[in-house]
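Enquirer:
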Amino acid sequence: METRRKNALHELNLLSERFKGEVTNDRGVPVLVVDSSMGSGQINIVNLEKGLLAMEFDLSLKQDFELLMDHSDSEIVFLFYCLKGNCFHKFSGHEIVTKLEELQTGVVFDDDAHTTKLIFKRDEHVIFNCLKVNLKEYQKGAEESDLDTVANLLNSYDKEIMGHLHVGKFNLEIGELIKQLEDAKYADSIASLTYFNGVCHMILAKQIQQFQEDMEKGLKPATTLLKKELQMINELTDYINNYPRG
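The working numbering puts the first residue of the sequence shown at 58, with every later residue one more than the last.
1. Count the other C-beta atoms from every protein chain shown that fall within 10 angstroms of the C-beta of aspartate 180, then say buried if there are 16 or more, exposed otherwise.
2. Could you tell me the distance, in whole angstroms, from the CA atom of aspartate 83 to the CA atom of aspartate 127?
3. Helix, strand or coil for threonine 155 per DSSP?
4. Drop a sphere of 10 angstroms on the beta-carbon of leucine 211, count the other beta-carbons inside from all chains shown, and report buried for 16 or more, exposed for fewer.
5. Between Leu116, Leu105, His67 and Leu110, which lies nearest to valine 90 when the distance is taken from Cα to Cα?
6. Could you give the distance in angstroms between the alpha-carbon of glutamate 159 and the alpha-carbon of leucine 136?
7. Given a threshold of 16 other Cβ atoms within 10 Å of its Cβ, counted over all protein chains shown, does glycine 78 qualify as buried or as exposed?
8. Starting from leucine 229, follow the alpha helix (DSSP H) in both directions and report where the run begins and ends.
9. Going by other Cβ atoms of all chains shown within 10 Å of its Cβ, with 16 needed for buried, is glycine 96 buried or exposed?
10. Which stretch, first to last residue, makes up the alpha helix (DSSP H) that contains lysine 197?
11. Taking the alpha carbon of aspartate 168 as the point to measure from, which residue in Ile231, Leu261, Arg62 and Ile133 has its own alpha carbon closest?
12. If I follow the unbroken beta strand (DSSP E) through methionine 221, where does it start and stop?
13. From leucine 66 to methionine 272, what does the alpha carbon distance come to, in whole angstroms?
14. Is the number of C-beta pairs between the segment 172–192 and the segment 136–155 that are closer than 8 Å three or more?
15. So phenylalanine 114 is in the beta strand (DSSP E); what residue range does that whole segment cover?
16. Which residue wins for smallest C-alpha separation from tyrosine 138, given the options Leu229, Thr251 and Glu152?
17. Please confirm whether threonine 60 has its beta-carbon closer than 8 Å to some beta-carbon of chain D.
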């Protein structure tokens with residue numbers, strides 16, 4: 058457990074070189090607290106296992122900011138989910154900017170020619186979750202899995218239009234799973250950490266499942282509900298969870 062926290066701290070220190078703020082400790086979990094000159098909020102990173110990181114950006118910035126995600130020689134898959142607000146994506150050195158809306162998923166494949174940049178707009182509260190998968194490292198300790206299928210599907214996607222980015226549909230189920238991570242990220246026991254790890258793998262599986270369904274169905278709507286209606290359902294669910302009947 059201590060090794061995982063040290064690895065998470067290392068990742069945050071690398072991130073702090075590109076994002077102005079201070080790395081500190083919040084109930085045993087290392088976090089990057091945004092400098093007041095930029096705005097407010099923090100970034101959490103939890104190292105799950107070799108090759109798999111969970112990241113949460115909870116930010117309200119005073120200015121537009123482009124964050125270059127760390128570049129490596131390995132193939133990286135990012136699985137995004139916008140829990141609140143909107144976030145934007147582009148590849149470094151490329152002009153196309155893609156919007157990821159609230160309750161929407163995204164799958165991004167980075168290689169030597171495509172390094173992900175996240176763009177956060179000023180005066181908007183954004184809660185943005187990311188699972189970062191280093192395919193080579195992750196697969197060293199795992200049996201053959203859906204990650205192979207994801208890599209193959211991404212390589213067959215229309216790169217001339219979208220690069221290696223796939224924007225998914227609105228998904229409440231993944232949002233509810235992400236909310237379960239809020240307390241679990243402060244895991245101080247093997248049992249709590251195992252639970253956190255399990256939820257993250259469920260999110261990973263749901264993201265992969267939706268990506269495959271999107272590709273097979275040609276991005277046809279998975280639901281007849283509008284985004285506004287999904288947001289209302291999400292808010293109602295939060296209210297029920299926060300104020301259960303006694």
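Ideal placement from N, C-alpha and C gives every residue a C-beta, glycine not left out.
Computed from a predicted structure; not experimentally measured.
Expert: Concretely, from the data shown:
1. exposed
2. 23 Å
3. strand
4. With a pLDDT of 48 at leucine 211, under the threshold of 50, the modelled position of this residue cannot be trusted, and the question is left open.
5. Leu116
6. 15 Å
7. buried
8. 229–236
9. buried
10. 192–197
11. Ile133
12. What sits at residue 221 in the sequence shown is histidine, not methionine. Neither: histidine 221 is in no beta strand (DSSP E) and is coded neither H nor E.
13. 36 Å
14. yes
15. 109–118
16. Leu229
17. Of the protein chains in the structure, only one exists, and it is not chain D.
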